[in-house]
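Peer 1: One structure follows; several queries about it will come next.
There are 2 protein chains.
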Amino acid sequence: MSETFYVVPVEQHNSLVVAAYAARQFNAEECQAAAKFSAYASWHGIRTHNAIKALHLDDHFGSKSQGCVPGAVIEKRETAFAASQIWNANKKLGQATAYAAMDEAITLADRYGIGQVSVDNAFHYLWGGGYVMEAAQKGYIAYTNCTAALAEVVPFMGKFPTLGTNPHSWGFPTTEAIGFPLVIDWATSVVAMGRVQQFQREGAQLPPDAAVDADGKMTTDPSKVAALSTFGKHKGYGLSIINEIVAALIGGSLPTIRSRWGQANGEKHTPVFYFQVIHPDAMSGNRFAKGRTQTENIKAVLEDIVGHGNDDCMLPGQVEANSAARSRQHDGLLFSAAEIAAFNEVAAQCGQEPWDQTKLKVVQ
Amino acid sequence: MSETFYVVPVEQHNSLVVAAYAARQFNAEECQAAAKFSAYASWHGIRTHNAIKALHLDDHFGSKSQGCVPGAVIEKRETAFAASQIWNANKKLGQATAYAAMDEAITLADRYGIGQVSVDNAFHYLWGGGYVMEAAQKGYIAYTNCTAALAEVVPFMGKFPTLGTNPHSWGFPTTEAIGFPLVIDWATSVVAMGRVQQFQREGAQLPPDAAVDADGKMTTDPSKVAALSTFGKHKGYGLSIINEIVAALIGGSLPTIRSRWGQANGEKHTPVFYFQVIHPDAMSGNRFAKGRTQTENIKAVLEDIVGHGNDDCMLPGQVEANSAARSRQHDGLLFSAAEIAAFNEVAAQCGQEPWDQTKLKVVQ
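Protein chains in written order, with our numbering: chain A, 28 to 391; chain B, 28 to 391.
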């Protein structure tokens, strides 16, 4: 990385994020969840889901639109199924809802070995990887998926976008074995629509399988893009469909009108979340080769995978772990000059003092 | 399809398969499971996992090797986690083990909303899609993964194969909504090693991202293939790692020595299975738009996805459903002349009468 970064202490960052959300009428719990989550994302180098992006999302789809209701109270539906909970989030802030749902799924997993929380009428939770990573750091196997804001992706062989970029996120408790949790976390499109716009600004060509034109033909020309493609042809398409069918089972409505509040026709416009947690002891046959413990076995298996001369390979979660090490080393969150400027706009909007760039530690 | 097929009644097929497995000392329950499963695969047009392939697998890795033990008894480990079971399959036939595990997961889901069965010391179960499809036809959401026989796939950016083709299979209860269960089921490699050999025989080139040579460079030349690649770059790699880490949590050993019984060094050589079932009522928020039922909502969402001019799109599971319709129409299993010949070799080996090809109904 040759870019210049400025180090913002976590407390300084969180103080501004809390103020920004409070100015939008979110309650104290929601403000704390928003600050904690964006600090966690930035700590792990997730620049696409920092506080700036979270606030932009709230501008476009959230409390300034009809997608998110500050102070909303989650309703828990009665169910006879002991390891399952079904929530109506009533459009509560996604970060607060997701933290609560993952905590509940952990409680269920502690008792039943596996637990699930289905959440209808949700707002966005930003970066699914963050929730499963934290659960994995606590020692659990965790999974989440959600339906993305807009239908921007064509089904395989299709022309018209009817699917979200629908991400999946899995976390595994491997910190003791290898120093960080394995986190597998990505959208089911090859790229996000934001990348297409970036490529267009930069005059660059897209990867060959990332997008289609209005006729459903693959295009690498950002100016001709009508919709995105799923990764891995029918395989990524299948993974994207999973989020839509899970959402349909829970309570989600037609993907093509999601987040499009103008088109009121009796359909729902809210995304849906799904969370699942497994306790590692509830999977262990406890008969590991050579008398290894479960942790030692995980370590041996992962060393086998990236051994044998596979020196260029990284394990999923390694990049985020490297970013976290860098944040720890500098004792703060690393932001670019442009990001600092964006935070200072946020500060001006909510009546806070801007950050004095000259007083922030600089790292290359 | 312009190929000629011969229609074999299910009873005639099953009678031969039962005899073939009985000749290998499998017990009655195992023989029935093997026959039922291969009939189900052939009924749905799954030619890569018919009875011929199942018996070849048993030849190479199973009861004729050290991988599978006819008549083995499954041990169930005591666990305090009510929605979870942990089994030691003791190398029992994969199809019998998988049917029993899926049944158990269904029982757990009926009670807890979600249930899981982890299976250590397994033999292969052939086609994961078959188990989740049947569970979906019974009205459940079902998932399974397993570690594939051999490490034939390189990790992303790697040179040396340390991962299996590690499949994932999901089934969803959509029969009432759209006439068949959605089944998402594929290996995490772009192609199987058998396809590489087929391309080599036919003098054809591989897809550009399917395999690597001995230096880890992508190659389309089947004769230069040293190992397979995961689909979708790091995304398919992440999905393949999931099977290995789930296996490592349960009791699986190093992937590179899996099924390689000659390399006895205190490591285990067996694959691992994981099964999970969810009851659809345990996810339903019961607040579907326009007063729809859950089934009506699923139908509306799926129609939205393949609507809007997306006429060339198929839903995952449609191909298998079309094959099943064809089998139903002809009232039997469709096999090619080469497949009939292979079945007749099996018949000769286990002392059964060969099938008289001239008496079988022919379809084009």
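Where a beta carbon is used, it is the ideal one built from N, C-alpha and C, also for glycine. Only a predicted model underlies this, so the values are computations on that prediction, with no experimental measurement involved.
Listed in chain order, which residues of the segment 311-333 of chain A have Cβ atoms closer than 8 Å to some Cβ of chain B?
Peer 2: So the list reads 311, 312, 313, 314, 315, 316, 317, 321, 324, 325, 327, 328, 329, 331, 332, 333, given in the order they occur along the chain.
Peer 1: Return helix, strand or coil for residue 168 of chain B, following the three-state DSSP convention.
Peer 2: Here residue 168 of chain B refers to the residue found at position 141 when the second sequence is read from its first residue. DSSP places residue 168 of chain B in strand when its eight states are reduced to three.
Peer 1: Given that residue 272 of chain B touches chain A, what residues does it touch there, using C-beta distances under 8 Å?
Peer 2: The count along the second sequence starts at 1 and reaches residue 272 of chain B at position 245. Ordered by position in chain A, the residues that pass the 8 Å Cβ test against residue 272 of chain B are 199, 201, 209, 325, 328, 329.
Peer 1: Whose CA, out of A:382, A:344, A:381, lies closest to the CA of residue 68 of chain A?
Peer 2: Here residue 68 of chain A corresponds to residue number 41 of the first sequence, with the count starting at 1. The option with the nearest alpha carbon to residue 68 of chain A is A:344.
Peer 1: In the structure shown, what three-state DSSP assignment does residue 52 of chain B receive?
Peer 2: On the second sequence, position 25 is the one that residue 52 of chain B refers to. Residue 52 of chain B falls in the coil class under three-state DSSP.
Peer 1: Show which residues of chain A have a CB atom less than 8 Å away from the CB atom of residue 418 of chain B.
Peer 2: Lying outside 28 to 391, the shown extent of chain B, residue 418 of chain B is not represented and no answer is given.
Peer 1: Measuring only between beta-carbons, confirm whether residue 111 of chain A sits less than 9 Å from chain B.
Peer 2: If you number the first sequence from 1, residue 111 of chain A lands on position 84. Yes, because at least one Cβ of chain B sits closer than 9 Å to the Cβ of residue 111 of chain A.
Peer 1: Give the C-beta separation of residue 311 of chain A and residue 269 of chain B to the nearest angstrom, bearing in mind that I take them to be a contact with Cβ-Cβ under 8 Å.
Peer 2: Here residue 311 of chain A refers to the residue found at position 284 of the first sequence. Here residue 269 of chain B refers to the residue found at position 242 of the second sequence. The Cβ separation is near 17 Å, so there is no contact.
Peer 1: What does a CB cutoff of less than 6 Å around residue 73 of chain A pick up in its chain, not counting 5 residues either side in sequence?
Peer 2: The residue labelled residue 73 of chain A in the question sits at position 46 within the first sequence. Result list for residue 73 of chain A: 154, in chain order.
Peer 1: Starting from the beta carbon of residue 184 of chain B, find every residue of chain A whose beta carbon is closer than 7 Å, and list them in chain order.
Peer 2: Locating residue 184 of chain B in the second sequence gives position 157, counting from the first residue. 339, 340, listed in chain order.
Peer 1: At the 9 Å Cβ level, is residue 354 of chain A part of the contact set with chain B, yes or no?
Peer 2: Within the first sequence, the letter at position 327 stands for residue 354 of chain A. Answer no: the Cβ-Cβ gap between residue 354 of chain A and chain B never drops below 9 Å.
Peer 1: Taking beta-carbon pairs under 9 Å, can you tell me which members of the segment 142-168 of chain A lie near chain B?
Peer 2: Under the 9 Å Cβ criterion, the segment 142-168 of chain A contributes 142, 143, 145, 146, 147, 148, 168.
Peer 1: How far does the alpha helix (DSSP H) with residue 270 of chain B in it extend, from its first residue to its last?
Peer 2: Reading the second sequence from its first residue, position 243 is the one you call residue 270 of chain B. Note, residue 270 of chain B: alpha helix (DSSP H), 261-277.
Peer 1: Does the separation of the CB atoms of residue 124 of chain B and residue 108 of chain B fall below 9 Å?
Peer 2: Reading the second sequence from its first residue, position 97 is the one you call residue 124 of chain B. Reading the second sequence from its first residue, position 81 is the one you call residue 108 of chain B. Contact: no.
Peer 1: Should residue 226 of chain B be flagged as near chain A, meaning a C-beta pair shorter than 9 Å?
Peer 2: As a working note, residue 226 of chain B is residue 199 in the second sequence. False, the Cβ-Cβ gap to chain A never drops below 9 Å.
Peer 1: Are there any heavy atoms of the ligand NAP lying less than 8 Å away from the beta-carbon of residue 35 of chain B, as far as the coordinates show?
Peer 2: For the structure depicted, the ligand NAP is absent and the ligand set is empty, with no information on it obtainable.
Peer 1: Given that a residue counts as buried once 16 or more other Cβ atoms are within 10 Å of its Cβ, and exposed if not, what is residue 321 of chain A?
Peer 2: Residue 321 of chain A sits at position 294 when you count from the first residue of the first sequence. It is buried - the Cβ of residue 321 of chain A has at least 16 other Cβ atoms within 10 Å.
Peer 1: Quick one: complete beta strand (DSSP E) runs, 3+ long, within the segment 54-140 of chain A?
Peer 2: Fully enclosed beta strand (DSSP E) runs of 3 or longer: 102-104, 111-115.
Peer 1: Is it the case that the Cβ atoms of residue 55 of chain B and residue 377 of chain B are separated by a distance below 9 Å?
Peer 2: Within the second sequence, numbered from 1, the residue matching residue 55 of chain B stands at position 28. Within the second sequence, numbered from 1, the residue matching residue 377 of chain B stands at position 350. Taking 9 Å as the Cβ cut-off, residue 55 of chain B and residue 377 of chain B do not qualify as a contacting pair.
Peer 1: Closer than 7 Å by beta-carbon distance: list the chain A residues that pair up with residue 307 of chain B, in chain order.
Peer 2: Mapped onto the second sequence, residue 307 of chain B falls at position 280. Near residue 307 of chain B (Cβ distances below 7 Å), the residues of chain A are 276.
Peer 1: Apply the 10 Å Cβ neighbour rule to residue 352 of chain B and answer buried if 16 or more other Cβ atoms are within range, or exposed otherwise.
Peer 2: Mapped onto the second sequence, residue 352 of chain B falls at position 325. Exposed, by the Cβ-count rule.
Peer 1: Taking all protein chains shown into account, do 16 or more other C-beta atoms lie within 10 angstroms of the C-beta of residue 31 of chain B, making it buried, or fewer, making it exposed?
Peer 2: By 1-based counting over the second sequence, the position of residue 31 of chain B is 4. Residue 31 of chain B comes out exposed.
Peer 1: State the DSSP-derived secondary structure class of residue 245 of chain A, mapped to helix, strand or coil.
Peer 2: Mapped onto the first sequence, residue 245 of chain A falls at position 218. Strand, per DSSP.
Peer 1: Does the Cβ-Cβ distance between residue 159 of chain A and residue 171 of chain A come in under 9 Å?
Peer 2: Counting from one through the first sequence, the residue named residue 159 of chain A turns up at place 132. Counting from one through the first sequence, the residue named residue 171 of chain A turns up at place 144. Against a cut-off of 9 Å, the Cβ pair of residue 171 of chain A and residue 159 of chain A comes out as a contact.
Peer 1: Please report the residue range of the alpha helix (DSSP H) in which residue 350 of chain A lies.
Peer 2: If you number the first sequence from 1, residue 350 of chain A lands on position 323. It spans 345-357 - the alpha helix (DSSP H) in which residue 350 of chain A sits, taken as one unbroken run.
Peer 1: To the nearest angstrom, report how far apart residue 157 of chain A and residue 210 of chain A are at their CA atoms.
Peer 2: Along the first sequence, read from residue 1 onward, the residue named residue 157 of chain A stands at position 130. Along the first sequence, read from residue 1 onward, the residue named residue 210 of chain A stands at position 183. Computed Cα separation, rounded: 9 Å.
Peer 1: Can you tell which of A:90, A:93, A:91, A:62 has its C-alpha closest to the C-alpha of residue 79 of chain A?
Peer 2: Residue numbering aside, residue 79 of chain A sits at position 52 when the first sequence is read from its first letter. Ranking A:90, A:93, A:91, A:62 by Cα distance to residue 79 of chain A puts A:62 first.
Peer 1: How should residue 148 of chain B be labelled, buried or exposed, when 16 other C-beta atoms within 10 angstroms of its C-beta is the threshold for buried?
Peer 2: Indexing the second sequence from 1 puts residue 148 of chain B at position 121. Label assigned to residue 148 of chain B: buried.
Peer 1: Quick check on residue 140 of chain B - is its C-beta less than 9 Å from some C-beta in chain A?
Peer 2: As a working note, residue 140 of chain B is residue 113 in the second sequence. It does: the Cβ of residue 140 of chain B has a partner Cβ on chain A nearer than 9 Å.
Peer 1: Roughly how many whole angstroms lie between the Cα atoms of residue 246 of chain B and residue 369 of chain B?
Peer 2: Counted from its first residue, the second sequence places residue 246 of chain B at position 219. Counted from its first residue, the second sequence places residue 369 of chain B at position 342. Using only the alpha carbons, I get a separation of about 33 Å.
Peer 1: How about residue 141 of chain A and residue 329 of chain A: are their beta carbons less than 9 Å apart?
Peer 2: Against the first sequence, residue 141 of chain A aligns to sequence position 114. Against the first sequence, residue 329 of chain A aligns to sequence position 302. No, they are not a contact pair.
Peer 1: Is the beta carbon of residue 126 of chain B closer than 9 Å to that of residue 64 of chain B?
Peer 2: Mapped onto the second sequence, residue 64 of chain B falls at position 37. Mapped onto the second sequence, residue 126 of chain B falls at position 99. Yes, Cβ-Cβ distance for residue 64 of chain B and residue 126 of chain B is below 9 Å.
Peer 1: Could you round the C-beta distance between residue 284 of chain A and residue 136 of chain A to whole angstroms and report it? I think they count as a contact, below 8 Å.
Peer 2: Indexing the first sequence from 1 puts residue 284 of chain A at position 257. Indexing the first sequence from 1 puts residue 136 of chain A at position 109. Contact doesn't hold; Cβ gap of about 35 Å is too wide.
Peer 1: When you compare the CB of residue 41 of chain B with every CB in chain A, is at least one pair closer than 9 Å?
Peer 2: One-based indexing of the second sequence puts residue 41 of chain B at position 14. No, residue 41 of chain B does not count as interfacial toward chain A.
Peer 1: Shorter than 9 Å from the beta carbon of residue 114 of chain A to some beta carbon of chain B?
Peer 2: Residue numbering aside, residue 114 of chain A sits at position 87 when the first sequence is read from its first letter. So, interface residue.
Peer 1: One question on the structure: do residue 46 of chain B and residue 360 of chain B come within less than 9 Å of each other, judged by their Cβ atoms?
Peer 2: Sequence index remark: in the second sequence, residue 46 of chain B carries index 19 (1-based). Sequence index remark: in the second sequence, residue 360 of chain B carries index 333 (1-based). No. Outside cutoff.
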